[in-house]
Every structure is written in structure tokens, then in C-alpha cells.
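Remarks on the structure that follows.
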Amino acid sequence: MKHTISILVENKFGVLSRISGLFSGRGYNIESLSVGETIDPQISIMTIVTVGDDRIIEQITKQLNKLVDVIKVVDMTESDHVEREMVLIKVAPRSEDKAEVLRLTEIFRGRVVDSSQKTYTIEITGDDKKIDAIVDLLKPMGIKEFVRSGKIAIAREGIKK
Amino acid sequence: MKLSGAEILLKCLKREGVKHIFGYPGGVVLNIFDLLHEDKELKLILTRHEQGAVHAADGYARATGKPGVVLVTSGPGATNTVTGIATASMDSIPLVVFCGQVPTALIGNDAFQEADIVGITRPCTKHNYLVKDIKDLGRIIKESFYVATTGRPGPVLIDLPKDVTGSKTEFGWPDKVDIRSYNPTYQGNEWMIKQAAHAIAKAKKPVIIAGGGVILSGGAKELKELAEYTNVPVTMTLMGLGAFPGTHKLSLGMPGMHGTYFANKSIQESDLLIAVGMRFDDRVTGKISGFAPQAKIVHIDIDPTSIRKNVHVDIPIVGDVKRVLVILNKILKADVKEQWKEIRKAWLKQIQTWKMDRPLVYDETSDVIKPQYVVEKIYELTKGDAIVTTEVGQNQMWAAQFFKFDKPRTLLTSGGLGTMGYGFPAAIGAQLAFPNKLVIDIAGDGSIQMNIQELATAVINRLPVKVAILNNRYLGMVRQWQELFYQGRYAHTRLDETVPDFVKIAEAYNAVGLRATKKSEVETVLKEGLKVKKPVIMDFVVDWKEKVFPMVPAGAAIDEMLFPEEKKKKKPVKKLKAVK
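Protein sequences, first through last, are from chains A and B. Per the numbering used here, residue 1047 is the first one in the first sequence, and the count goes up by one each step. Per the numbering used here, residue -6 is the first one in the second sequence, and the count goes up by one each step.
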């Protein structure tokens, strides 16, 4: 099963390779990875998506916790959370498809961030499902380039009733 | 007052209580070596290879419980430490390894003798540092010793660029270490410990498996108390030998691939395993799905990643072995009322039958020297009062089987990584820590050649280590596998024509060399060798055909053992059920 793991780490050089080395050295796979500073510039947050059964995920989170530079590990999949990923898609549609591309962009609440005589570059944000859906729809129109940011995630706060 | 990086380093080492450093000089560490030259408090032991320096520091650490310290140069000096660091890492041994590095401005330039040692050792250290700013040096050294020695211990490496040791700054030394991301759990969860106590009281056929963690945490006394109070037999993994007295009536010896029949049988039949400071290594468990099929498992370990890594655990307790055992013993004595003697009677009787059925044996009648006989004689003549190191292979297993270790820190052996060439330098480190103790390396003719250059270190430092080579002219353990599983095709394991004359080698280094070729000579050679106050190599020309038994073939369950007389015939004791 897919797990999204959030890792708070010291913002020091070499930390990323400690984490990626932990995955590669044990034969675990990283499906997606994103890193950025938190509000506190001494701390970074990494979001890693990985696949494994319960035992492997338990090992991954324990091993991550064991690294000296790791402050906190949360398996987001265990509780209610919001996941987002951004993709940039450069489409080169035939002239008769151009309108359809723009329509789809609007339906998916995307934005055209660049255009040329032959291409549109579209920015879309969403979860897996949404991104997969627009990719499926745009594919026949001719996707030239495709970049995704890697997933980021945040826990939902419970609402008091 | 401003101090140079090199001065800060030495000052910090003294504050950490360091007396000995094992090392080897080179270009970028000259700032430090130059200071050591004058220093009265710190003694540098010059080995003849950096790998030897790390193993010696490791032997020093295992024998004393204090961290071993290493100082080497950049590039090849640093990369030569990798095997030693990995050895220490697998066996959780506290080391602090200082490597020189090219000046910061040259890092990444493929400079002369540059190696990315922080990158190279990342997976085999507990943690490592590259000091880029001299202002961080004091804090980093303090942190390194703290990280190396706390929690589950392990090696820490510090990479020191030449300009960092050469430039000056105000000396700074934090009073205490505060790493927000590093907080090992020492105190076990009391509720869980209570569950364990009740499980022990309920169990009909319990077995304790003690590992190296018992020794590392200093919990041998508490373990003995637990075993004796509850009347539970104890088996000790290779790393755990000495954690519980090998001569104790509750001792089952070592379990696993070359473990005793009765230890493996007890595990397989038991209804409760109490695993203490061990990590269910594949050499202990054999085929995981056939391991201890009926047992509930209590697992006490300070490293949460060791728990539920290989086997399913019913009662996990994360904490320091000693502290957990203290509480467990207290609870058992206060809350659990049992007639311990009575409820264990049948189980201990059963184990006694297994012990009688298949004790550890070898052919005692032959006139050719049997390697087991040499180990038994060493045990007899030393009365067990020695620090024994081993190389890796048959010599290691025979030492584990036939020498009875009664005290912690008396067997120093590379268990996890299985490093040939470990034993001799480790013996040098141990001898340095205990100049008046008898330190013996039980070696093979293959592995002794992997670090034989350290004879010079032993001789020059007047360290009277003894080496007993069980010389079978083969890489014996591999040969044994070839005989049993590769139809006797001895691919590259026969050393016959090229095994050097070890007596002459000893003499060439100004050590003492002795040889025994007949059984009747063994005792004489040993008596003479153990008496000499110099490094001694004793070359025992043993039966090359001898194999280590019992043996569990790789991939089999641990009660599917081979015994001497049955050779290859597999004789599964019974069909295993229930896959865990």
C-alpha cells in the first residue's frame, strides 16, 4: 500500500542523502519526494511517498526515526490529511483541439501559465486522482513535456462539535 | 585564549577521558600528529594498517566498555578504516574515528588523497560529521562521544579538513549535549514489562536468548538474577557469550547455525522466548518461518528498529536492557507468586535429556591435532581466565563452542560483519587496556594473514598477546560448505603450498614462534606460549578435514541439524507446523 510520510529534519547539508541512502540501502523505493524549509529555517520538511506492507512501513518509519538528524516522522496515511501535488504540462495541440485544451484547463481549475504559437503550458494542482484524470484527457491532444512537483501533505485538524 | 583546531581536538579528547588513540599519520593530519608528539597524556598507538587501528580501537572498546578512538589521514587512510567501522557498526561498538580531510577550499576538487569519507561511511556509521567551521569543532566532538556511547552504541566518524585543524578560534566546549532529534529510550514501558512478567509466570517451556545488548548495557548481573529466580534456561548468541556464565547449570550454550543441539531444540519447543538485547540475526533464527513455531516472544531491546524486524513479537519492550531487567525482576519478586522450581521441573528435565543425547563432541582418540582439542586445552590451562578474541570462520565457531565464557567482555569477535583479520588487532587493543591480563587470539591460517602486519605493533608496544593459529591449510569454513554443498570442489580455498612458516614470521618480527604438529605437543606448546611475556604465535597444525558441527544448513530450520556422524544426511527432527 502507498504511504505518505512526513519527516521533520535538521536543515543541514547531507541530510537528504542520509534519508535517500536509508531507502536505497534497504531496497525500499521512493515514489515521490519533496523537500522545503519550514517556518523555522533550521528545520526542513520532507514528504516521501513509498510503497510497502505494514511491516516494511513500520521499519521505514523506525529507521527514519533512528537517524540522528531526523526530528519527527509522521505516517500521514494513518490519519485524515490533505495531499497536494502540482504538475506543469506543456501541450502542443492541433489547432482544432486548442479550444478543448483550454476548456479542460478551466474544468480542472488549472491555469495557462505560458503560451506560444504551438503550445500551452498548464499548471494544475490536486491529488493523484485529479492529476491522473487530466493527464488521460490531455494525452490524445499531444503532451510535449510533463513535470510534477512531488507530493506534499498536511494533517487535517479535527472540528469540535 | 585562541587555540588551533588540533589543540582543541586534543583538549576535547582529554576531557572525554581518552588515554589511547590508535592511528596512522599522513599529510593532512600532521597538525594533530605534531602536537601528539609532545603530549604526555595521550598516547598514540601506531598500527601498521589503518584497518588494524580501527579493529584495535574496537577491541579496546569491547574489553573496557569505553569508546575506542582512531586518528587517520585522508583518502586511503580514511577508506582503509571502512571495514573496521562497518565491523563496529554491525556489533554496536562505540568508536570515534577522526579522519583528516583536504582543506575545505579543495573539497570536491579530486585533490590529492581526497575521498568523500562522510559519504562513503554514511551507511556504516551511527552518525558522521564533516567539520566545515572550526567554531563547531568542540561541540561536534562532544556530540560524537555522546552519540557513540549512548542508546544503541556505534561508530561515529568526524572528517577534519586540514585548514580546520590549522586555524585558530576561542575554545568552546558545551557542558551538556542537547540534540533535539536524538533521544534514545532507556526506560521500558512498565505495563509491557508487567505483561512480560506474567508471561514468564505462565510459561511452561520458557527460554531466554541473551545477546550482545546485555553486555553493552552492563546487565549481566540482572540477567543472572532473572534466570536463577525464575529458573529459566539461557542461551547466548555469539555476541552474548559471557553475558551469562557458560558454566552455569541453566546455560544452553550458543543457539543457531553452529549452536548446540539442546539450545536449538529448546527454542523450537519453547512456548515463550525472552529475547534480551539481541536482534534475531539469520545465523540465530535459521529459516524464519520455521523458527520457534510455538513460542510467544518477549523482546527487550534499546533499538526499536530491531523489534519486529525479523520475527513477530508479542510483547515488545523498548529500553535499556539493564534498566528493564531491574524492573522486571522487581515485578516478578513482588507481584508474581510462583513455585518456580516446581513449574520448571519437567522442562529442565527435558532439556537435560537433550543435553545427554547430543553434547558437543569431537573425535578425541585421534593423534592428529583436532582444533577443538586445542581450544579445550586453552580453556583448561587458562581456567577460562582470559580475554579471547577470534578471527572469523571455523576458529570462531570452535572458540564459541568449546571455550566457556563466564564473564562479560571476555569474548571479542566480529559477529555481525564476520570480518576476517579482526581478532589479532582487537587482541592488541584489549591487551593495551589490560596489560596484565592474558589475551589470546584464536585464529585460522587464512584470517591471521589478513592483519599479520600488526605483529610489529604488538612487539614495539610490548603487548604480550598470544595467537593460537588452528592451521588447517584451508579457508576452513568455506571448504566445509564446499564439501557439504558443492560436491567437494574446493574452489580457491586450499592454501596449502602458500601457507607461510608462522614461526619464522613471528621471529622475523622479533616475537616468539612455536609449533605443534602432534597432539602430544599441544599442551607443551601452550604452556610455554602462555608463559612468555612477549607476543607469541603458536602454530597448531590441525586436521584439515575437521568440520564445525552441529550445523544448520542455510535456509533450514534450526532443528534440522547436521551432526558429525551423519554428515550430509538431513534428519529433520520433526515436521514443523504453524508459520508465524
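Quick reminder that beta carbons are idealized off the backbone N, C-alpha and C, glycines included. Model, not experiment: these values are computed from the prediction.
Discussion item. What ranges does the beta strand (DSSP E) occupy inside the stretch 248 to 305 of chain B, keeping only unbroken runs of at least 3 residues that lie completely in it?
Written reply: 265 to 269 and 289 to 294
Worksheet item: Taking 8 Å as the CB-CB cut-off, is R1194(A) touching chain E?
Response: In the displayed structure, chain E is absent; the protein chains listed are A and B.
Discussion item. I need the straight-line Cα distance from M413(B) to S407(B), nearest angstrom please.
Written reply: Residue 413(B) sits at position 420 when you count from the first residue of the second sequence. Residue 407(B) sits at position 414 when you count from the first residue of the second sequence. Computed Cα separation, rounded: 8 Å.
Item to complete: Check the DSSP bridge columns for K(-5)(B) and list the partner residues they point to.
Response: The sequence position of residue -5(B) within the second sequence is 2, counting from 1. K(-5)(B) is bridged to E163(B).
Worksheet entry | Cβ distance (whole Å) where D152(B) is taken to contact V89(B) below 8 Å | Numbered from its first residue, the second sequence carries residue 152(B) at position 159. Numbered from its first residue, the second sequence carries residue 89(B) at position 96. The pair is not a contact, with the Cβ atoms about 12 Å apart (cut-off 8 Å).
Worksheet item: For V149(B), which residues does DSSP report across the bridge?
Response: As a first step, residue 149(B) is located in the second sequence; it is residue number 156 there, counting from the start. Answer is V89(B) and H120(B), bridged to V149(B).
Worksheet item: Is there at least one Cβ from chain B nearer than 8 Å to V1120(A)'s Cβ?
Response: Reading the first sequence from its first residue, position 74 is the one you call residue 1120(A). Chain B has no Cβ within less than 8 Å of the Cβ of V1120(A).
Worksheet entry | Neighbourhood of R1083(A) by C-beta, 7 Å cutoff - its chain only, sequence neighbours within 5 removed | The sequence position of residue 1083(A) within the first sequence is 37, counting from 1. Arg is not the amino acid found at residue 1083(A); the sequence shown has Glu there. For E1083(A), where only same-chain residues beyond five positions count, the Cβ hits under 7 Å are N1057 and S1090.
Practice prompt. Answer with yes or no whether the minimum CB distance from G1060(A) to chain B is below 8 Å.
Written response: In the first sequence, the residue the question calls residue 1060(A) occupies position 14. Yes, G1060(A) counts as interfacial toward chain B.
Worksheet item: In three-state terms, what does DSSP make of H241(B)?
Response: Taking the second sequence and counting its residues from 1, one reaches residue 241(B) at position 248. If DSSP states are grouped into helix, strand and coil, H241(B) belongs with coil.
Item to complete: Alpha carbon to alpha carbon, how far is E447(B) from V458(B)? Give it in angstroms, no decimals.
Response: Taking the second sequence and counting its residues from 1, the one referred to as residue 458(B) is at position 465. Taking the second sequence and counting its residues from 1, the one referred to as residue 447(B) is at position 454. Going by the C-alpha atoms only, they are around 11 Å apart.
Worksheet entry | Other residues of its chain near G165(B): CB distance less than 8 Å, five sequence neighbours each side excluded | Counted from its first residue, the second sequence places residue 165(B) at position 172. These residues qualify, in order along the chain: K128, G131 and R132.
Worksheet item: F533(B) lies in the beta strand (DSSP E); which residues open and close that run?
Response: Numbered from 1 along the second sequence, position 540 holds the residue referred to as residue 533(B). Start and end: V529 to V534.
Worksheet item: Does at least one heavy atom of the ligand PLP sit under 7 Å from the Cβ of S359(B)?
Response: No copy of the ligand PLP occurs in the structure displayed, which carries no ligand at all.
Discussion item. Taking the beta carbon of V525(B) as the centre, do at least 16 other beta carbons fall within 10 Å, making it buried, or is it exposed?
Written reply: Translated into positions along the second sequence, residue 525(B) becomes position 532. By the neighbour-count rule (16 or more Cβ atoms within 10 Å), V525(B) is not buried but exposed.
Worksheet entry | N-terminal and C-terminal residue of the alpha helix (DSSP H) that F396(B) is part of | Along the second sequence, one-based indexing puts residue 396(B) at 403. Note, F396(B): premise wrong, no alpha helix (DSSP H); not H, not E.
Discussion item. Check whether the stretch 5 to 23 of chain B and the stretch 34 to 46 of chain B touch, using three or more Cβ-Cβ pairs below 8 Å as the test.
Written reply: yes
Worksheet item: So is S172(B) in contact with chain A if we call contact Cβ pairs under 8 Å?
Response: Along the second sequence, one-based indexing puts residue 172(B) at 179. The sequence shown places Ile at residue 172(B), rather than the Ser named in the question. Yes, its Cβ sits closer than 8 Å to a Cβ of chain A.
Practice prompt. Within its chain, find whatever has a CB closer than 6 Å to the CB of G61(B); leave out the 5 residues flanking it on each side and keep chain order.
Written response: Your numbering for residue 61(B) matches position 68 in the second sequence. Within the same chain, G61(B) has close Cβ partners A50, D51, Y53, A54 and L88.
Worksheet item: Comparing the C-beta of P18(B) with each C-beta of chain A, is any distance below 8 Å?
Response: Working through the second sequence from its first residue, we reach residue 18(B) at position 25. Chain A, which has no Cβ nearer than 8 Å to the Cβ of P18(B), makes this no.
Worksheet item: Which residues of chain A have a Cβ atom closer than 8 Å to the Cβ of V140(B), listed in chain order?
Response: Numbered from 1 along the second sequence, position 147 holds the residue referred to as residue 140(B). Neighbours of V140(B) on chain A, chain order: V1114.
Item to complete: Could you spell out the range, first to last residue, of the beta strand (DSSP E) harbouring A1201(A)?
Response: Counting from one through the first sequence, the residue named residue 1201(A) turns up at place 155. I1198 to A1201 is the span of the beta strand (DSSP E), which, as asked, contains A1201(A).
Discussion item. Is the beta carbon of M554(B) closer than 8 Å to that of Y254(B)?
Written reply: Numbered from 1 along the second sequence, position 261 holds the residue referred to as residue 254(B). Numbered from 1 along the second sequence, position 561 holds the residue referred to as residue 554(B). Yes, the pair counts as a contact, with Cβ atoms nearer than the cut-off.
Fill in: Beta carbon of S1195(A) nearer than 8 Å to that of M1132(A)
By 1-based counting over the first sequence, the position of residue 1195(A) is 149. By 1-based counting over the first sequence, the position of residue 1132(A) is 86. Cβ distance < 8 Å, so S1195(A) and M1132(A) count as in contact.
Discussion item. So, does the stretch 336 to 344 of chain B touch the stretch 220 to 227 of chain B, judging by three or more C-beta pairs under 8 Å?
Written reply: yes
Worksheet item: Nearest to V140(B) by alpha carbon, out of A1199(A), R1149(A), K1144(A) and L1113(A)?
Response: By one-based count along the second sequence, residue 140(B) stands at place 147. The candidate whose alpha carbon is nearest that of V140(B) is L1113(A).
Worksheet entry | Alpha carbon of K125(B) to alpha carbon of Q94(B), nearest angstrom | Counting from 1 along the second sequence, the entry for residue 125(B) is found at position 132. Counting from 1 along the second sequence, the entry for residue 94(B) is found at position 101. The alpha-carbon atoms of K125(B) and Q94(B) are separated by roughly 10 Å.
Item to complete: Please list the segments of the beta strand (DSSP E) lying wholly inside the stretch 1089 to 1145 of chain A, counting only runs of 3 or more residues, in order along the chain.
Response: 1089 to 1097, 1116 to 1121 and 1127 to 1137
Worksheet item: Taking buried to mean at least 16 other C-beta atoms within 10 Å of its own C-beta, is K561(B) buried or exposed?
Response: Along the second sequence, read from residue 1 onward, the residue named residue 561(B) stands at position 568. Since pLDDT at K561(B) reaches only 46, below the 50 mark, its modelled position is unreliable, and no value is offered.
Worksheet item: Using 8 Å as the limit for Cβ to Cβ distance, is K169(B) near chain A?
Response: Numbered from 1 along the second sequence, position 176 holds the residue referred to as residue 169(B). Taking Cβ atoms only, chain A never reaches closer than 8 Å to K169(B), which makes this a no.
Worksheet item: Does DSSP put K568(B) in a helix, in a strand, or in coil?
Response: Counting from 1 along the second sequence, the entry for residue 568(B) is found at position 575. Reliability of the predicted coordinates at K568(B) is poor, the pLDDT of 44 falling under 50, and the value obtained from them is presented with this limitation in mind. It is coil, neither helix nor strand.
Fill in: Exposed unless 16 or more other CB atoms sit within 10 angstroms - verdict on V1128(A)
Here residue 1128(A) refers to the residue found at position 82 of the first sequence. A residue is called buried once 16 or more other Cβ atoms fall within 10 Å of its Cβ, and V1128(A), having fewer, is exposed.
Discussion item. Mapping the DSSP letters down to three states, classify T1171(A) as helix, strand or coil.
Written reply: Numbered from 1 along the first sequence, position 125 holds the residue referred to as residue 1171(A). T1171(A) falls in the strand class under three-state DSSP.
Discussion item. Please report the straight-line C-alpha distance between A502(B) and E521(B), rounded to a whole angstrom.
Written reply: Within the second sequence, the letter at position 509 stands for residue 502(B). Within the second sequence, the letter at position 528 stands for residue 521(B). As written in the sequence, residue 502(B) is Tyr, which differs from the Ala given in the question. Each residue's alpha carbon lies about 19 Å from the other.
Worksheet item: Over what stretch of residues does the beta strand (DSSP E) that includes L64(B) continue unbroken?
Response: Position 71 of the second sequence, counting from 1, holds the residue named residue 64(B). Here the beta strand (DSSP E) through L64(B) covers G61 to V65.
Fill in: Secondary structure of R132(B), DSSP reduced to three states
As a working mapping, residue 132(B) is identified with position 139 in the second sequence. If DSSP states are grouped into helix, strand and coil, R132(B) belongs with the helices.
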